[in-house]
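Please read the structure below before turning to the comments.
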Amino acid sequence: MGHLVRCLALAEEFLARGHRVEFFGTVEGVGWAGRQLAARGIPLHPGPERPADLVAAARRHGLDVAVLDSYELDPAGAGALRAAGVVTLAVVDGDTRGQDADVYLDQNLGAAHGPLPGRLLAGTAYPLLRDAVVAARPATPRTATPVARPRVLAFFGGTDAFGAAPVLARVLLATGHPMDLTVVVGRADVEAELAALTPGRGQAVRPVPPTDDLPALVTAADLVVSAAGTSTWELCCLGAPSALVCVVDNQRESYGRVVDAGLAAGLGELPALAAAGLPGRAARAGAARTLRALLDSPERRAALAARAWATVDGRGRARVADAVLALVGAPSRS
Numbered sequence: 001m002g003h004l005v006r007c008l009a010l011a012e013e014f015l016a017r018g019h020r021v022e023f024f025g026t027v028e029g030v031g032w033a034g035r036q037l038a039a040r041g042i043p044l045h046p047g048p049e050r051p052a053d054l055v056a057a058a059r060r061h062g063l064d065v066a067v068l069d070s071y072e073l074d075p076a077g078a079g080a081l082r083a084a085g086v087v088t089l090a091v092v093d094g095d096t097r098g099q100d101a102d103v104y105l106d107q108n109l110g111a112a113h114g115p116l117p118g119r120l121l122a123g124t125a126y127p128l129l130r131d132a133v134v135a136a137r138p139a140t141p142r143t144a145t146p147v148a149r150p151r152v153l154a155f156f157g158g159t160d161a162f163g164a165a166p167v168l169a170r171v172l173l174a175t176g177h178p179m180d181l182t183v184v185v186g187r188a189d190v191e192a193e194l195a196a197l198t199p200g201r202g203q204a205v206r207p208v209p210p211t212d213d214l215p216a217l218v219t220a221a222d223l224v225v226s227a228a229g230t231s232t233w234e235l236c237c238l239g240a241p242s243a244l245v246c247v248v249d250n251q252r253e254s255y256g257r258v259v260d261a262g263l264a265a266g267l268g269e270l271p272a273l274a275a276a277g278l279p280g281r282a283a284r285a286g287a288a289r290t291l292r293a294l295l296d297s298p299e300r301r302a303a304l305a306a307r308a309w310a311t312v313d314g315r316g317r318a319r320v321a322d323a324v325l326a327l328v329g330a331p332s333r334s
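For the sequence shown, the UniProt record's numbering gives the first residue as 1, with consecutive numbering after it.
Here's what the structure looks like:
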């Protein structure tokens, strides 16, 4: 879902400039994803996997630019497309996987790479954010506002594939702090786990399905708890006071940098928080202390929000589109 959402943001930029956009890949089992493409009138085609098939698809559809955002595609596909005269953008998260692209995008904080065959766009000047996020960005950072019963939003990707929502909901409730907790839920089994929770005094839990209104939910929340994936940059752009959990290994480096920079609070890694026995109890207790401190202090929340808001300005996708389109029609590097 993170790959799809950032590609959707770039697609919106190209469409706004009058270009034609087509998607290649699979969105099966995620109704929200398919609706996003349909709402924008973007055709969806099966995703070619072999380099030769990528080139054939580019020729069949008359593509001038190919955006590759996958950890699974054959890395040779980028070079094959470029050799065929297709300007190629490789969206990466640290590891370029040896792709030979015209442009590389790594939108993670502090991203750095050695010499690459093409141009590198790295860091928080370049996050790809959707229209709905950019439109919801506040003109100024939020101020410290005391609230007796904070509104907390928790979401962990389109499907919460690793079951983070029940784990973090339990940690939030364990703070004992009054709260209205809204949890975005994309799976029936996760919703069932949430329904089995017993909130404490002054606490309420409300599950909601994946929604186009997520930016509005973020801006209305006093605290957001989320995975340390691509949504991190949406939260920064919106100036949300956030606490992040590292859900998978490839989030670890970015998670550490974001927390160290004070853009969000860190709750640790999901496997540790979900673990049984003393280690798991200790990890959950530590996360609960962090959350309790944020729920108790509007000043701490406002400080996180201000640093996050100042870091991501919402114009990253325009910068990326400028860099890519400047190469269309330019002489080949080969």
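We treat Cβ as the ideally placed atom computed from N, Cα and C, and that holds for glycine.
Annotation: Tyr71 is outside any beta strand (DSSP E) and is labelled neither H nor E by DSSP. Here Leu278 is exposed. Its C-beta has fewer than 16 other C-beta atoms within 10 Å. According to DSSP, Gly266 shares a beta bridge with Leu244. The region 152 to 161 makes contact with the region 225 to 244; the number of CB pairs closer than 8 Å reaches 3 or more. Counting only the Cα atoms, Arg292 lies some 43 Å from Phe23. Sequence-distant Cβ neighbours of Ala221 in its own chain, meaning closer than 6 Å and more than five residues away, are Arg151 and Leu153. Bridge partners of Phe24 according to DSSP: His45.
Residue pairing of Arg60 in beta bridges, as defined by DSSP: absent, with no partner found.
If you look at Ala227, you'll find it in the beta strand (DSSP E) that goes Leu223 to Ala227. In the three-state reduction of the DSSP assignment, Thr182 falls in the strand class, which pools E and B. For Asp296, same chain residues with a beta-carbon under 8 Å away, outside a window of 5 residues either side, are His177 in chain order.
The Cβ atoms of Ala265 and Leu294 lie closer than 8 Å to each other.
Inter-residue distance for Ser231 and Val328 is about 30 Å (C-alpha atoms, whole angstroms). Within the region 74 to 142, complete beta strand (DSSP E) segments of at least 3 residues are found at 87 to 91, 103 to 106 and 119 to 122, given in chain order. Cβ atoms of Pro127 and Trp233 come within 8 Å of each other, at about 4 Å. CA-to-CA, the gap between Ala112 and Val92 works out to about 11 Å. Distance from the CA of Ala323 to the CA of Val65, rounded to the nearest whole angstrom, comes to 12 Å. Rounded to whole angstroms, the separation of the alpha carbons of Gly286 and Gly314 is 33 Å.
As the crow flies, the alpha-carbon of Phe162 is around 14 Å from that of Ala169.
The closest CA to that of Ser226, considering only Pro46, Glu253, Cys246 and Arg317, is found on Cys246. For the options Val167, Ala136 and Glu193, the alpha carbon positioned closest to that of Gly268 is the one of Val167. Under DSSP, Ala204 takes part in a beta bridge, and its partners are Asp180. When DSSP reads this structure, Val67 sits in a beta bridge with Leu89. Taken through DSSP and simplified to helix, strand or coil, Leu197 comes out as coil. Here Arg201 is exposed: its Cβ has fewer than 16 other Cβ atoms, across all protein chains shown, within 10 Å. Restricting attention to Val103, Ala125 and Ala80, the CA atom closest to the CA of Asp53 is found in Ala80. Across the structure, Ala101 and Ala148 are spaced so that their CA atoms are roughly 52 Å apart. In terms of Cβ geometry, Leu181 and Gln203 form a close pair [threshold 8 Å]. Judged by their CB atoms, Leu194 and Leu173 are not nearer to each other than the 8 Å cut-off. Secondary structure note for Phe14: its alpha helix (DSSP H) is the uninterrupted segment Gly2 to Ala16. DSSP, read as helix, strand or coil, puts Leu238 in coil.
Non-local beta-carbon contacts of Leu4 in its own chain, meaning distances under 6 Å to residues more than five positions away in sequence, involve Ala33 in chain order. Looking only at Ala139, Pro138 and Ala318, the smallest Cα-Cα distance to Glu12 is reached by Ala318.
By the criterion of a C-beta distance shorter than 6 Å, Ala9 is surrounded in its chain by Leu128, Leu129, Arg130 and Arg317, once the five residues flanking it on both sides are discounted. Contiguous alpha helix (DSSP H) elements confined to the region 296 to 332 occur at 298 to 311 and 316 to 325, taking only those with 4 or more residues.
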